[in-house]
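Protein chains in written order, with our numbering: chain P, 118 to 380; chain X, 271 to 670.
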């Protein structure tokens with residue numbers, strides 16, 4: 118049983134911050150992840166930068182660009198994962214586009230990710246139809262492979278994705294790319310209720326979640342929330358890295374309180 | 271990977287949208303339902319005689335098909351072969367792109383999608399899309415890399431004149447690859463109302479199959495025209511390959527014959543320079559823009575910025591069917607540098623009075639460079655577009 122499976126056994130909701138690996142600097146990633154964990158995050162999504170992130174909006178595109186300029190590769194990211202593991206048992210999800218994984222070699226990727234202490238994987242450009250090979254590798258190395266569900270996913274397909282996904286699914290809140298949105302769609306509640314009816318596993322909701330208020334609205338209809346661009350933006354805007362991290366931690370602790378209905 | 275070529279069994283793509291190991295649908299989940307719907311609607315339209323009639327009529331009356339197969343007499347004498355040009359440059363909007371755009375826009379109308387989006391490199395596909403959208407009264411948004419907006423400003427102006435919105439893309443290398451990223455992001459956001467008219471045999475299934483089928487009109491006509499006068503098939507086919515739609519369009523109807531085929535990629539400043547777009551020659555299989563195919567990438571799987579003097583070939587990927595045809599050995603893929611393309615450009619202008627686009631000028635450049643191997647043979651070359659759009663770039667390189 119990996120750390121993700123163990124987490125869901127507890128029956129808690131998850132707040133999942135997203136961190137671009139190697140942004141703003143290579144050396145800071147473990148520190149940022151550990152600080153977010155200390156602020157109450159239940160799981161962390163560690164983004165593998167890619168030159169052509171077609172599911173991402175301008176904020177995460179910009180952070181990926183910086184990370185690539187910092188020369189971050191999968192080897193570095195496994196190093197960061199190991200470093201985090203010496204200090205924390207927080208479940209770690211790697212999130213990355215398919216091509217860097219293919220170039221690294223899927224089998225080697227699975228082995229090295231697992232050895233470094235990663236628990237799971239989200240690949241935004243890999244639907245279950247194309248995921249057979251990676252799924253085999255993930256099973257072998259006890260990595261959870263999490264598939265996405267979108268508002269455009271037909272009902273019968275939701276059940277299929279839920280069956281293909283390990284441990285939980287990732288629900289995309291909007292038709293669109295990652296990034297902040299002031300207002301989440303009014304249909305979101307209906308969409309999440311219909312997903313709930315057709316899934317057996319827990320699911321988290323991501324894309325566009327940026328405020329504690331949104332967390333409070335969406336939390337009752339999901340098992341967890343992913344916060345990405347809102348955090349990344351703090352590091353893009355704030356020149357002082359320490360101050361940005363303080364702000365990010367504050368947001369996460371406020372969101373965690375809202376998630377558990379105590380804020 | 272190598273396969274034995276088996277013409278009899280050539281029925282690609284398979285149900286999963288694969289050409290052997292290539293192709294597929296590597297896209298965000300948000301697009302999957304749209305791709306399934308598109309495949310269903312396209313397969314229906316393919317068998318629908320009314321749809322086919324509408325498309326063929328538009329090709330004839332609007333685009334000006336069939337395009338001539340022209341015997342280039344003076345060029346042939348210099349080359350020592352018999353060179354026939356398939357004159358796609360004479361189509362409305364000046365390139366082969368309109369064949370595919372008419373097909374896809376008619377499909378969009380049938381599917382009730384009011385908004386059209388497209389990517390463009392040289393601007394030829396964007397221009398064709400803006401044109402056809404004007405004809406059918408559809409909203410049209412064209413994404414174009416900032417670098418291409420600068421080097422193809424005449425086409426940008428034309429697109430705007432036709433009523434399209436042209437969105438410059440400033441991310442990444444600011445060329446075709448980034449325009450595709452941005453168009454896909456738009457599609458993910460507006461998928462319920464929007465039809466993405468893909469300009470080449472790239473992207474997720476069913477696009478590589480659908481665009482190939484629409485462009486196959488090139489090869490079907492050329493085959494009929496050549497047979498009519500020569501009573502046999504040509505020895506060679508030649509075409510430039512960026513994404514590869516004009517090449518597949520010419521090659522596909524000949525795949526099951528013995529005709530030899532040569533695809534010419536852009537070698538830019540040279541194959542060892544790192545400034546080229548020779549995906550099949552120098553790349554490795556990977557996944558970009560929704561399909562598995564050869565790809566220019568570094569050892570970390572990051573996509574390398576390509577280079578070519580021609581904006582239409584300046585792309586780090588290539589259609590998945592070309593990857594399959596390369597591995598199976600059915601088609602030979604070679605290269606021509608920027609310099610060789612410029613030589614081809616001048617050669618055709620001065621021997622035949624035809625100014626080619628810089629894209630097919632690569633195929634002409636290769637014929638000049640490798641003319642010995644074609645001595646005495648008959649060659650059909652796909653002249654995929656005309657050169658008006660390239661005057662600004664060519665003037666910078668050729669001092670006349």
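Even glycine gets a Cβ: it sits at the ideal position worked out from N, Cα and C. All of these numbers come straight from a predicted model, not from anything done at the bench.
Neighbour list for residue i in chain X, Cβ cutoff strictly below 9 Å
| i | result |
| --- | --- |
| residue 270 of chain P | 299, 300, 302 and 303 |
| residue 305 of chain P | Those do not exist, as residue 305 of chain P stays about 14 Å from chain X at its closest Cβ, beyond 9 Å. |
| residue 219 of chain P | 555, 556, 557, 562 and 571 |
Beta-carbon proximity list for residue i, same chain, < 6 Å, skipping 5 on both sides
| i | result |
| --- | --- |
| residue 218 of chain P | 226 |
| residue 667 of chain X | 612 |
| residue 466 of chain X | 387 and 457 |
| residue 381 of chain X | 311 |
| residue 534 of chain X | 510, 604, 606, 632, 633 and 636 |
| residue 282 of chain P | 263 and 264 |
| residue 437 of chain P | Chain P is shown only over 118 to 380; residue 437 of chain P falls outside these bounds and no answer can be derived. |
| residue 377 of chain P | none |
| residue 392 of chain X | 422, 581 and 582 |
| residue 426 of chain X | 419 and 436 |
| residue 404 of chain X | 432 and 433 |
| residue 531 of chain X | 507, 521 and 601 |
Cross-chain neighbours of residue i in chain P, by beta carbon under 7 Å
| i | result |
| --- | --- |
| residue 455 of chain X | 171 and 294 |
| residue 296 of chain X | 215, 242, 243 and 247 |
| residue 451 of chain X | 169 and 171 |
| residue 385 of chain X | In chain order: nothing, as chain P lies at least about 14 Å away. |
Chain-ordered chain P contacts of residue i [CB-CB under 8 Å]
| i | result |
| --- | --- |
| residue 553 of chain X | By Cβ distance, chain P contributes nothing, its closest Cβ being about 12 Å from residue 553 of chain X, past 8 Å. |
| residue 544 of chain X | Within 8 Å Cβ-Cβ: nothing; residue 544 of chain X doesn't reach chain P, min ~15 Å. |
| residue 588 of chain X | By Cβ distance, chain P contributes nothing, its closest Cβ being about 15 Å from residue 588 of chain X, past 8 Å. |
| residue 529 of chain X | Going along chain P, no residue has its Cβ under 8 Å from residue 529 of chain X, so there is no contact; the nearest lies around 34 Å. |
| residue 447 of chain X | 169 |
| residue 462 of chain X | 269 and 292 |
7 Å CB neighbourhood of residue i in its chain, flanking five on each side removed
| i | result |
| --- | --- |
| residue 489 of chain X | 519, 520, 521, 522, 523 and 524 |
| residue 172 of chain P | 241, 242, 294 and 295 |
| residue 120 of chain P | 206, 208 and 236 |
| residue 331 of chain P | 301 |
Beta-carbon neighbours of residue i, restricted to chain P and to distances below 9 Å
| i | result |
| --- | --- |
| residue 593 of chain X | Simply none; closest approach about 14 Å. |
| residue 459 of chain X | 291, 292, 293 and 294 |
| residue 286 of chain X | 246 and 247 |
Neighbouring residues, chain X, relative to residue i (Cβ below 8 Å)
| i | result |
| --- | --- |
| residue 185 of chain P | 572 |
| residue 178 of chain P | 441 |
| residue 280 of chain P | Ordered by position in chain X, no residue passes the 8 Å Cβ test against residue 280 of chain P, which lies about 15 Å from the chain. |
Proximal residues of chain X, C-beta to C-beta of residue i below 7 Å
| i | result |
| --- | --- |
| residue 266 of chain P | 299 |
| residue 190 of chain P | 570 |
Beta-carbon contacts of residue i that lie in its chain and below 8 Å, excluding the five residues immediately before and after
| i | result |
| --- | --- |
| residue 155 of chain P | 366 |
Check your understanding: Does the count of Cβ pairs from the segment 590 to 609 of chain X and the segment 642 to 658 of chain X closer than 8 Å reach three?
Key -> no
Exercise for review: Would you check if the segment 294 to 305 of chain P and the segment 247 to 255 of chain P touch, i.e. whether three or more CB-CB distances between them fall below 8 Å?
Suggested key: no
Review point. Taking contact to mean at least 3 C-beta pairs separated by less than 8 Å, is the segment 408 to 426 of chain X in contact with the segment 445 to 460 of chain X?
Key: yes
Check your understanding: At a cut of 8 Å, does the segment 494 to 509 of chain X reach the segment 648 to 655 of chain X through at least three beta carbon pairs?
Key -> yes
Check your understanding: Counting pairs of Cβ atoms below 8 Å between the segment 180 to 200 of chain P and the segment 482 to 500 of chain X, do you hit three or more?
Key -> no
Point to revise | Residue ranges of each beta strand (DSSP E) within the segment 317 to 374 of chain P, 3 or longer | key: 320 to 323 and 341 to 344
**Study point:** Members of the segment 546 to 573 of chain X that neighbour chain P once the beta carbon cut-off is set at 9 Å
**Key:** 554, 555, 556, 557, 558, 559, 560, 562, 565, 567, 568, 569, 570, 571, 572 and 573
Point to revise | Given 8 Å, three or more beta-carbon pairs between the segment 309 to 328 of chain P and the segment 351 to 364 of chain P | key: no
Review point. Within the chosen definition, does the segment 126 to 141 of chain P reach the segment 158 to 172 of chain P through at least 3 CB pairs nearer than 8 Å?
Key: yes
Practice item. Return the chain-ordered ranges of every alpha helix (DSSP H) run that is complete within the segment 170 to 200 of chain P and spans a minimum of 4 residues. Key: 175 to 186
**Study point:** Three-pair Cβ contact test at 8 Å for the segment 200 to 213 of chain P versus the segment 225 to 241 of chain P
**Key:** yes
Exercise for review: Answer yes if the segment 392 to 409 of chain X comes into contact with the segment 359 to 378 of chain X, meaning at least three C-beta pairs across the two stretches below 8 Å, and no otherwise.
Suggested key: yes
Practice item. Pull out every residue of the segment 401 to 423 of chain X whose Cβ sits closer than 7 Å to any Cβ of chain P, in chain order. Key: none
Check your understanding: Of all the beta strand (DSSP E) runs that stay within the bounds of the segment 535 to 587 of chain X, which reach a length of 3 or more residues?
Key -> 554 to 558 and 560 to 565
Exercise for review: Quick one: which residues of the segment 328 to 340 of chain P get their C-beta closer than 9 Å to a C-beta of chain X? List them in chain order.
Suggested key: none
**Study point:** Sequence ranges, alpha helix (DSSP H) only - wholly within the segment 278 to 319 of chain X, length at least 4
**Key:** 299 to 317
Practice item. Go through the segment 324 to 371 of chain X residue by residue and report every complete run of the alpha helix (DSSP H) that reaches 4 residues or more, in order. Key: 343 to 349
Review point. What are the complete alpha helix (DSSP H) segments, minimum 4 residues, inside the segment 186 to 265 of chain P?
Key: 191 to 202, 215 to 221, 223 to 233 and 249 to 257
Point to revise | Three CB pairs or more closer than 8 Å across the segment 265 to 272 of chain P and the segment 306 to 318 of chain P | key: yes
Exercise for review: Decide yes or no for the touch test of the segment 491 to 498 of chain X against the segment 567 to 580 of chain X: beta carbon pairs closer than 8 Å, at least 3 of them.
Suggested key: no
**Study point:** Within the segment 270 to 319 of chain P, ranges of the beta strand (DSSP E) (whole runs, at least 3 residues)
**Key:** 286 to 289
Point to revise | Segments of 3+ residues assigned as beta strand (DSSP E) that fall wholly inside the segment 470 to 517 of chain X | key: 506 to 510
Check your understanding: Are the segment 345 to 363 of chain X and the segment 617 to 624 of chain X touching, with three or more C-beta to C-beta distances below 8 Å?
Key -> yes
Practice item. Evaluate the contact criterion for the segment 291 to 299 of chain X versus the segment 350 to 361 of chain X: three or more CB pairs, one atom per stretch, below 8 Å. Key: no
Review point. Taking only runs of the beta strand (DSSP E) that begin and end inside the segment 421 to 447 of chain X, which ones reach a length of at least 3 residues, in chain order?
Key: 435 to 439
Review point. Would you call the segment 327 to 337 of chain X and the segment 433 to 440 of chain X in contact, with 3 or more CB pairs under 8 Å?
Key: no
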